Every structure is written in C-alpha cells, then in structure tokens.
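This report concerns only the one structure given below.
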C-alpha cells in the first residue's frame, strides 16, 4: 500500500485560481486507508470548496484510482459532471493523479502528498510510478512526475541533451520534460513552466518512517497485530 497525507488547505487552494468549478475524486484503496482520500475526506473537501466559493459539479470515490481501466469505466458514467468542471481535485497518491490525467483531458490537482514508508514496496504493473517524495509536484507538471518520467529526475525543465524527442541517457525513451511540455500545452497551462521547484528535502524524500508509523499496517501488518494483542 502507498501512504499519503492531505496537503495543507492553503496549498490546495493556491492551485485553484484558474478554476471556478471542480469535480472531486477520492480513492477507496490506499488513500482511504491512509485517512486522506476516502468518503469522509472527499465530503470534507467538497464542503470546504463550497464554503470557499467554488462550484463542485460532483464527487466520486473510486476503488483504486491507480487503475486506468477502472477509472475510465467509472468516470464514463458521470462524464457530464466531469465535463462541466474546469478541473479535477484528486485526493489520492501521485500514481492516482497521473492515472486520472491519462483518462481526463483536464488539469488534475493533487490534494495529497505521497509519503515514503521506506524500503521496497513491490513491482508496479502500470507506467505511472511515484517516488513518494513527500511534496507532490504534479500540480506544476501536468500530472507527470518529473522524478520518474525524467531519467535524471530534473525538477525545472529539460537538460538540453535530448535528440528528436528521445532521452540522451536512455535512447528510445521519450524525453520526460517534452512529455510534460506537451501535456501542459494540451491543457492550456504552459504558464506553470515558470514555476521554480525547490530541491527535494531529504528529511521527507525516501525517508524512514517515524516510530509511530512503524506500528501501522503500512509498515507491517504483523506490527499492528502485535500492538492490538498487547
């Protein structure tokens, strides 16, 4: 499972200056278990948005926002509400934001930061991946993570070494920052390229979890079982 925490409300609202209406998406998988993207959190976000003057065209918690096939089916049933929104607010991990961005031709704002719990979390079956950096940048890169789509993990634009759209480090692989540029162009948000992204703080990026988190099911199911039996 992937652990995520909701961003500060002030940071979330700073993303929404270009939107008057939003559709709110939550994830019934990892984010719900994290307490950052289930029914309760989506309802709370919707309430805050309404109070803040935004129009919420609808909301939906989908079992796993990282599954593009499932997301496509679920959103097709409510396409009118999606289309009537200026953008989408996603309460999920970084993989979910990227997956929804592949399905919907709108900007998808991250409401959560995906936090590292350390160590290996298994293989991943899709092309969307997340470095769990603790400070999600997907708002500024069109829903494509520069830490994973760029072989160098560059945060503020291309290195200049690509050739005919291919990465200089891994020929045949698309340049990650060209993909980001194309996505921002498609959603009419090339202005976001002027945003400077600070280097990732090591205390958040791929950190070991705090001691209290080591007794959660995200660290080890058996650790939680031992605590409950005490």
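Residue numbers (this note's numbering): 4 to 233.
Heads up, the beta-carbon is just placed ideally off N, CA and C, and yes, glycines get one too.
Just so you know, these numbers come straight off a predicted model, no measurement behind them.
Cut-off 6 Å between Cβ atoms - residues of its own chain near residue 56, not counting five sequence neighbours on either side: As a position in the chain shown, residue 56 is number 53, starting the count at 1. Nothing listed; no residue qualifies.
Measure the beta-carbon distance from residue 24 to residue 58 and round it to whole angstroms, keeping in mind my assumption that it falls under 8 Å. Numbered from its first residue, the chain shown carries residue 24 at position 21. Numbered from its first residue, the chain shown carries residue 58 at position 55. 4 Å between Cβ atoms; contact.
Check: With 16 other CB atoms within 10 Å as the buried threshold, where does residue 230 fall?
Finding: Mapped onto the chain shown, residue 230 falls at position 227. Caution is warranted here: a pLDDT of 48 is assigned to residue 230, below 50, making its placement in the model unreliable, and the coordinate value is therefore given only provisionally. Exposed.
- Could you give the C-beta distance for residue 168 and residue 177, rounded to a whole number, given that I count them as a contact under 8 Å? The residue you call residue 168 lines up with position 165 of the chain shown. The residue you call residue 177 lines up with position 174 of the chain shown. At roughly 6 Å, the Cβ-Cβ gap stays under 8 Å, so residue 168 and residue 177 are in contact.
Next item on the list: Provide the residue span of the beta strand (DSSP E) that contains residue 81, from first to last.
Entry: Residue numbering aside, residue 81 sits at position 78 when the chain shown is read from its first letter. Neither: residue 81 is in no beta strand (DSSP E) and is coded neither H nor E.
task = For residue 11, count neighbouring Cβ atoms within 10 angstroms of its own Cβ and tell me buried if that reaches 16, exposed if not.
result = As a working mapping, residue 11 is identified with position 8 in the chain shown. Result: exposed.
So, for residue 199: in the same chain, excluding its five sequence neighbours on each side, which residues have a beta-carbon less than 7 Å away from its beta-carbon? Position 196 of the chain shown holds residue 199. Answer for residue 199: 159, listed in chain order.
Beta-carbon proximity list for residue 171, same chain, < 8 Å, skipping 5 on both sides: Residue 171 sits at position 168 when you count from the first residue of the chain shown. Excluding sequence neighbours, residue 171 sits near 162, 164 and 165.
Review point. When the distance is taken between beta carbons, is residue 92 closer than 8 Å to residue 114?
Key: Walking along the chain shown from the start, residue 114 turns up at place 111. Walking along the chain shown from the start, residue 92 turns up at place 89. Against a cut-off of 8 Å, the Cβ pair of residue 92 and residue 114 comes out as a contact.
Practice problem: Return the chain-ordered ranges of every alpha helix (DSSP H) run that is complete within the stretch 144-177 and spans a minimum of 4 residues. | Solution: 149-152
State buried or exposed for residue 186, treating a residue as buried only when at least 16 other CB atoms are found within 10 Å of its CB. Walking along the chain shown from the start, residue 186 turns up at place 183. Classification of residue 186: buried, given that the 10 Å Cβ count is 16 or more.
Worksheet item: Between residue 4 and residue 35, is the Cβ-Cβ spacing less than 8 Å?
Response: As a working mapping, residue 4 is identified with position 1 in the chain shown. As a working mapping, residue 35 is identified with position 32 in the chain shown. Taking 8 Å as the Cβ cut-off, residue 4 and residue 35 do not qualify as a contacting pair.
Assigned secondary structure, residue 105 (DSSP; H/G/I helix, E/B strand, else coil): As a first step, residue 105 must be located in the chain shown, where it is residue number 102. Looking at residue 105 - three-state DSSP - the assignment turns out to be helix.
### Query
Among 74, 144 and 62, which one has its Cα closest to the Cα of residue 87?
By 1-based counting over the chain shown, the position of residue 87 is 84. Of the listed residues, the one whose Cα sits closest to residue 87 is 62.
request  = Within its chain, find whatever has a CB closer than 6 Å to the CB of residue 42; leave out the 5 residues flanking it on each side and keep chain order.
outcome  = Reading the chain shown from its first residue, position 39 is the one you call residue 42. For residue 42, where only same-chain residues beyond five positions count, the Cβ hits under 6 Å are 64.
Open item on the list: Quick check on residue 178 - is its C-beta less than 8 Å from some C-beta in chain B?
Closed with: In summary, chain B is missing from the structure at hand, where a single protein chain is found.
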